[in-house]
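Undergrad: Below is a structure I'd like to ask you about.
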Ligand code: UDP
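Numbering (full-length UniProt numbering), first residue to last: 455 to 927.
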């Protein structure tokens, strides 16, 4: 299939590197596979932070997509002073309508379609205003999450009281029910503005012309079928859902002398657990200390990407090396040779690709999950925020590539030795359950590759989408 007269897709990224990266990866895929011209409108936080601008420039240098920065409007009078980050971003994106419209109208080459993420659904009417052919939503997470998002407006009308008080799991048509331990962070307090914004997004998604979702047929066949086949989920969604995943960053050349790889090269095959709980510092000081003991007790080899603990006031965010002081006394000496602590931004994809990595202790952000699954690395799930508790259940109970910690979303405490035994389970050779998980992880890796090979499910799905919006023959 070839596309005539190179079409032009406009992708809108909400503020924050965590939102730009998935949009950027999608843009790279659209331009490399479909030969589409891609413009990314990167909405910045508005505070003209040099790191934000730097990160966008660095991203622009490595992509075929054209990236334009669009400073966001001031929304102080639209949100409560203590509004959550998610609320601020959704409200900000909604308030950007006229700026985005002006930006599109000033483009010499007009886009054909617009793609927004969940934070940008309030901007979809701009596509109609400026006469684009279609507007799509990109869900960088998985299909079960998408189902819960579009079903949330229904739950909102039928469920009384707080979701955290539910006795029975919430039934989601065509999907696994959502129990107390899977509630998304936005569902924990229904009086919070971020919950109301979330319901609104759930109502807006079906007003698009379709949704691209970062999963694949063989990973979530049942949920994807529920979107397609006649039934409640299909009736609510109304528009087609295109599974086009896994879309993840591919490994790049990293400095050969990087000490992490020098160390990994010396370790045995699949003997090391990689520990990284997201891009920001999300563990408390107490959790950081516990985790250190856990890793030491596990006796397993490790690479730990240590971020500044959220509640540790003794260290300023610019002083990365100082986070070492948050570790228990003598930890580095006792684990010398067994583990490596990294305080800088780690080359995660490249680390997960290394033959000595045998497991990933992860907070289960969906990008991290996909980066692990595409390398066949089993996961110890330690969900911390957003929809990560759902992700942990999906990985453990449906896909079978992970073990998880036992805490509930609102508690986030974890007992000593718990992580240690989970880590041993997935990395240690002799454990039977661990062996089963490792085998499954390898099967998922193969299926992820197949989905994106020519004629594979995601490859076909992307062409089906292109055919619909660009009339490719
Ligand atoms: N990441 C990285 N190095 C680090 C920490 C994170 O490369 O030291 C990357 C990781 O590979 C992933 C992203 O940051 O692509 C984190 O995204 P995810 O959705 O997993 O979690 P978030 O941090 O957004 O909650």
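All residues carry an ideal CB built from backbone N, CA and C; glycine is no exception.
Can you pull every residue whose C-beta falls closer than 5 Å to some heavy atom of the ligand UDP, listed in chain order?
TA: Ordered along the chain, the selected set is 472, 732, 733, 759, 799, 800, 802, 819, 821, 822.
Undergrad: By the three-class DSSP mapping on this structure, what secondary structure does residue 813 have?
TA: Strand, per DSSP.
Undergrad: What separation, rounded to the nearest whole angstrom, lies between the Cα atoms of residue 638 and residue 490?
TA: If you take the alpha carbons of residue 638 and residue 490, they lie about 35 Å apart.
Undergrad: Which residue wins for smallest C-alpha separation from residue 571, given the options 843, 523, 664?
TA: It is 664.
Undergrad: Just curious, the alpha helix (DSSP H) that residue 929 is in, first and last residue?
TA: Any property of residue 929 remains undetermined from this structure, which presents the chain solely from 455 to 927.
Undergrad: Is residue 578 helix, strand or coil when you go by DSSP?
TA: In this structure, residue 578 counts as coil in the three-state DSSP scheme.
Undergrad: Along the chain, where does the beta strand (DSSP E) containing residue 758 start, and where does it finish?
TA: Residue 758 -> beta strand (DSSP E) spans 755 to 759.
Undergrad: Given that a residue counts as buried once 16 or more other Cβ atoms are within 10 Å of its Cβ, and exposed if not, what is residue 631?
TA: Exposed is the call here.
Undergrad: Assess, as a yes-or-no matter, whether the stretch 807 to 815 is touched by the stretch 707 to 727 under the definition of 3 or more beta carbon pairs within less than 8 Å.
TA: Counting Cβ pairs under 8 Å, three or more are found: they touch.
Undergrad: Might you give, ordered along the chain, the residues of its own chain that have their beta carbon closer than 6 Å to the beta carbon of residue 895, omitting 5 neighbours on each side?
TA: Contacts found: 830, 832, 855.
Undergrad: Using 9 Å as the threshold, is the C-beta distance between residue 820 and residue 473 below it?
TA: It is not a contact, given that the beta carbons lie outside the stated cut-off.
Undergrad: Is the stretch 577 to 585 in contact with the stretch 612 to 621, if contact means three or more CB pairs nearer than 8 Å?
TA: No: fewer than three Cβ pairs fall under 8 Å.
Undergrad: State the beta-bridge partners of residue 498 as determined by DSSP.
TA: DSSP lists 525 as partners of residue 498.
Undergrad: Which of the three DSSP states, helix, strand or coil, is assigned to residue 481?
TA: Reduced to three states, the DSSP call for residue 481 is helix.
Undergrad: Quick check: the stretch 885 to 895 against the stretch 520 to 534, are there 3 or more CB pairs under 8 Å?
TA: Flag = no, the stretch 885 to 895 and the stretch 520 to 534 do not touch.
Undergrad: From this set, 655, 566, 568, 525, which residue's C-alpha is nearest residue 1006's C-alpha?
TA: Not covered by the structure: residue 1006. The range shown for the chain is 455 to 927.
Undergrad: Tell me which residue opens and which closes the alpha helix (DSSP H) that residue 684 is part of.
TA: Neither: residue 684 is in no alpha helix (DSSP H) and is coded neither H nor E.
Undergrad: For a quick check, are the C-beta atoms of residue 662 and residue 578 less than 9 Å apart?
TA: Yes, the Cβ-Cβ distance between residue 662 and residue 578 is below 9 Å.
Undergrad: Could you name the residues of the same chain whose beta carbon sits closer than 6 Å to that of residue 700, not counting the 5 residues immediately before and after it, in chain order?
TA: Only 824, 828, 902 meet the Cβ criterion.
Undergrad: Within this structure, are the beta carbons of residue 835 and residue 857 separated by less than 9 Å?
TA: Going by C-beta atoms, residue 835 is nearer than 9 Å to residue 857.
Undergrad: Between which two residues does the alpha helix (DSSP H) carrying residue 606 extend?
TA: Segment 597 to 612, the alpha helix (DSSP H) holding residue 606.
Undergrad: Reducing DSSP to helix, strand and coil, say where residue 462 ends up.
TA: Of the three classes helix, strand and coil, the one that applies to residue 462 here is strand, per DSSP.
Undergrad: In the DSSP assignment, find the unbroken beta strand (DSSP E) run with residue 617 in it and report its ends.
TA: Careful: residue 617 lies outside any beta strand (DSSP E) and carries neither H nor E.
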